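So in UniProt numbering, spot 152 of the sequence shown is number 152, and the numbers just go up one at a time.
Note that beta-carbon positions come from the ideal geometry of N, C-alpha and C, so glycine has one too.
Small disclaimer: the values here were computed from a predicted structure and weren't measured.
Everything below concerns the one structure shown next.
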Amino acid sequence: MRRLPFSPWHLLLMPLALLFALPLVQMVLTAFMPDSDINRFPPRFIPSRLQLDGFIGLFNESSALRWLLNTVIVAAIAVVSHLILCSMAGYGFARLKFFGKNAGFLVILATIMIPAQLLMIPTYVMFSRLGLIDTLASAFVPWLASAFGIFLMRQFFLSLPAELEDAARIDGCTTFGVFWRVVLPLAKPALATLTVFTLLGSWNDLIWPLIAISDENIYTIQLGLANFQGTRHTQWSLLMAGNVVATMPLIIAFVVAQRQFVATMTFSGLKG
């Protein structure tokens, strides 16, 4: 029997990939549809003609570029602060010895089980007293660190052999030197995973900005797009065009960094 030029699993994965890609394709096609095609019944999948009215209306009738810039700022600060703070806290809980380490980690871990909705009112009150409400800081401050990020980094650091750190200390490295020069280069898989989760979470966050921000100039892209949906009328062409604008940066970032993610995971598996 002749062998297939690809893995037999592809026969199952390719239809599933097409199924998951279908909503994305529909969104892109709808962004280029005229309103007559969008509002007709039964709905059309292929537009009768392509037009840019949705994108023109998006940029003419809203501050979409400003919203996109605000979202980029929030996501960038969230990713950088997560990588720095969560990795340092995770290493401290994994390797350093100090009073109350286990109790402190359990308290942080317990916060994961608290629903985010229960924290919104006390967070709003605290941010209001600090003067952060209706500022861009109110969107990125909650994303500076997370209990999940600390837990993820701690568990990865515990899986590393302690002999590597002991050898570095014998060579004269300080604790921070061991962390920076030895541990972090080995933590690329965990850092890549943390980057993906933080980027997706901060980029797509809607509920908290909807509560904390009312100034249209400080909207994130998700909050701005939510305003296109009304009780009686929804501007579907503008909404779909905005979704394309909001989704494309994430897709481009994944395509650009895909090889790095795969190479990092493969390297870690070979060395592990």
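| Check | Outcome |
| --- | --- |
| Are I213 and T220 touching if we call contact CB-CB under 9 Å? | yes |
| Count the other CB atoms, across all protein chains shown, that sit within 10 Å of the CB of M14; report buried if there are 16 or more and exposed otherwise. | exposed |
| Is there contact here, the segment 178-186 with the segment 111-121, by at least three beta-carbon pairs under 8 Å? | no |
| Compare the C-alpha of S159 against each of R169, A190 and L24 and name the closest. | A190 |
| How long is the line joining the alpha carbons of I121 and F127, rounded to whole angstroms? | 10 Å |
| So the candidates are L136, A241 and L83; which of them puts its Cα closest to the Cα of V28? | A241 |
| Kindly indicate the opening and closing residues of the alpha helix (DSSP H) around S81. | A64 to S81 |
| For the putative contact between S81 and A145, defined by C-beta atoms under 8 Å, what is the C-beta separation to the nearest angstrom? | 6 Å |
| For S62, collect the residues of the same chain with a Cβ closer than 7 Å to its Cβ; drop the 5 residues on either side in sequence, then sort them by chain order. | G224 |
| Within 9 Å of any Cβ in chain B, is that where the Cβ of I133 sits? | Any reference to chain B falls outside this structure, which holds one protein chain only. |
| According to the neighbour-count rule (16 or more other Cβ atoms, all chains shown, within 10 Å of its Cβ), is E165 buried or exposed? | buried |
| Go through its chain and collect everything with a Cβ distance to A257's Cβ below 6 Å, but skip five positions before and after it. | none |
| Looking at C-alpha atoms only, which residue of V74, A103 and F148 is the closest neighbour of P209? | V74 |
| Suppose contacts are defined by Cβ-Cβ distances below 9 Å. Is R154 in contact with F99 by that definition? | no |
| Determine the direct distance from the alpha carbon of D205 to that of L16, and round the result to whole angstroms. | 27 Å |
| Per DSSP, what kind of secondary structure is V145 in: helix, strand or coil? | According to the sequence as given, residue 145 is Ala; it is not Val. A145: coil per DSSP, three-state reduction. |
| Looking at L194: is its Cβ nearer than 9 Å to the Cβ of L11? | no |
| Give every residue of the same chain whose Cβ lies closer than 6 Å to the Cβ of C86, excluding the five residues on either side of it in the sequence, and list them in chain order. | A145, G149, I150 and M153 |
| Hey, how far is the Cα of R129 from the Cα of L22? | 46 Å |
| What are the start and end residues of the alpha helix (DSSP H) that includes residue 278? | There is simply no residue 278 to check, as the chain begins at 1 and stops at 272 in what is shown. |
| Beta carbon of L199, beta carbon of V125: below 9 Å? | no |
| Keeping to the same chain, check which residues put their C-beta closer than 8 Å to that of T231; ignore five residues upstream and five downstream. | Reliability of the predicted coordinates at T231 is poor, the pLDDT of 48 falling under 50, and the value obtained from them is presented with this limitation in mind. Taken in chain order, the list of residues that qualify is empty. |
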